[in-house]
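The next block holds one structure in the form of structure tokens; read it before the comments.
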Amino acid sequence: MSPSFLREPLLHFLLLGGLLFGLDYWLTPTAALEQTIVLEPETLNALAGNFTQARGRTPTQEELSELAVRWLTDEVLVREARELKLAQGDDVIRNRLASQMRSVVQHQNPLGEPSRDELERFFQAHQNNYDIPAHYDLEQRFVVGGVSEAELLAAQWREQIVPAQWPQATTSLRHRPASNIVAIYGELASDALLREPYHWQAVATQRGAQVARVTRVYPAQSAEFEAVRPRVARDWRLAEQQRRIAAEVARMAQGYRISVPPEVPQTVVDAIAHAVKSEDAR
Numbered sequence: 003m004s005p006s007f008l009r010e011p012l013l014h015f016l017l018l019g020g021l022l023f024g025l026d027y028w029l030t031p032t033a034a035l036e037q038t039i040v041l042e043p044e045t046l047n048a049l050a051g052n053f054t055q056a057r058g059r060t061p062t063q064e065e066l067s068e069l070a071v072r073w074l075t076d077e078v079l080v081r082e083a084r085e086l087k088l089a090q091g092d093d094v095i096r097n098r099l100a101s102q103m104r105s106v107v108q109h110q111n112p113l114g115e116p117s118r119d120e121l122e123r124f125f126q127a128h129q130n131n132y133d134i135p136a137h138y139d140l141e142q143r144f145v146v147g148g149v150s151e152a153e154l155l156a157a158q159w160r161e162q163i164v165p166a167q168w169p170q171a172t173t174s175l176r177h178r179p180a181s182n183i184v185a186i187y188g189e190l191a192s193d194a195l196l197r198e199p200y201h202w203q204a205v206a207t208q209r210g211a212q213v214a215r216v217t218r219v220y221p222a223q224s225a226e227f228e229a230v231r232p233r234v235a236r237d238w239r240l241a242e243q244q245r246r247i248a249a250e251v252a253r254m255a256q257g258y259r260i261s262v263p264p265e266v267p268q269t270v271v272d273a274i275a276h277a278v279k280s281e282d283a284r
């Protein structure tokens, strides 16, 4: 899988050739403004604000870079959609125009049926998406007295000493992957729970102190191609559609100059420069 924010083929092949026009713009700033796309700091701030409102936190630099590249993709598609008069007389929202243009590109490049070899290569390249990771059953009990009380109770139970005031209410968690356990208990507590299954541990969560333990371990399983072939075929079609759209966007982008003011963070500039590299250079 590709690292960091460049996980989708649409981002991998975005705006092929745009870098040449961007460099040309920097060297020749008198170029026609109507063919220039400028990523203003205000636009970047608005993208970050929308992300914060939706997610409840500020975006990381990688996420901000992804937002910027996505905005640039949509801006190219919007302008091409307007050229085709897809929204004549109606200045609709950008993402609707971009979506319309994606549909046009997709219908211009219909997919055929993939061969078995194509699917097997795709499966091998993305096998960790189909493998079943290890997962676990757990049980937990809330403790009124806080973490210190939870530590005492966990220690007593590990020594098979029945506490005088053992919490009665037990909550069971079934078939939870390690990532979900980390989300519930945090890195340190999860490490202890998974390192010593079947032993009670004192844990602190947002809902309060608990004692918890893993009660069953389901080992990881490698996927077999034939068992997941329908899913692989579906994923291949989606990835191939995105790749073809990205290639067409790259062709379209050659008609624009991409301008990034110096106020824009360098990580965003680097992300765009990476996104517009040609396929042959990767």
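Start counting the sequence shown at 3; every next residue gets the next number (my numbering).
Where a beta carbon is used, it is the ideal one built from N, C-alpha and C, also for glycine.
Values in this document were obtained by computation on a predicted structure and should not be read as measured data.
Whole-angstrom distance between VAL251 and PRO135, CA atom to CA atom: 36 Å
Note the first and the last residue of the continuous beta strand (DSSP E) segment covering LEU41. Boundaries cannot be given for LEU41, as no beta strand (DSSP E) includes it and DSSP labels it neither H nor E.
Where THR45 and GLN55 are concerned, what is the direct C-alpha to C-alpha distance, given to the nearest angstrom? 15 Å
Counted within 10 angstroms of its Cβ, other Cβ atoms place GLN268 as buried (16 or more) or exposed: exposed
Measure from the alpha carbon of SER224 to the alpha carbon of each residue in LEU79, GLU68 and GLN126, then state which is nearest. It is GLN126.
Test: VAL234 CB closer than 9 Å to a CB of chain B: Although the question refers to chain B, the structure presented lacks it and comprises just one protein chain.
Please look up how many angstroms separate the CB atoms of GLU122 and PHE227, rounded, as I've assumed it's under 8 Å. Confirmed, about 6 Å.
Could you name the residues of the same chain whose beta carbon sits closer than 6 Å to that of SER192, not counting the 5 residues immediately before and after it, in chain order? ILE183 and VAL184
Specify the secondary structure class of GLY148 as computed by DSSP and reduced to three states. If DSSP states are grouped into helix, strand and coil, GLY148 belongs with coil.
C-alpha distance - LEU196 paired with ARG59, whole-angstrom precision: If I take the Cα positions, the gap works out to 29 Å.
Collapsed DSSP secondary structure at ASP139 in the structure displayed: Strand.
Inter-residue spacing [alpha-carbon to alpha-carbon] between GLN208 and ARG143: Going by the C-alpha atoms only, they are around 14 Å apart.
Using DSSP's beta-bridge definition, name the partner residues of THR207. GLY210
Reduced DSSP category for PRO267 - H, G, I as helix; E, B as strand; rest coil: coil
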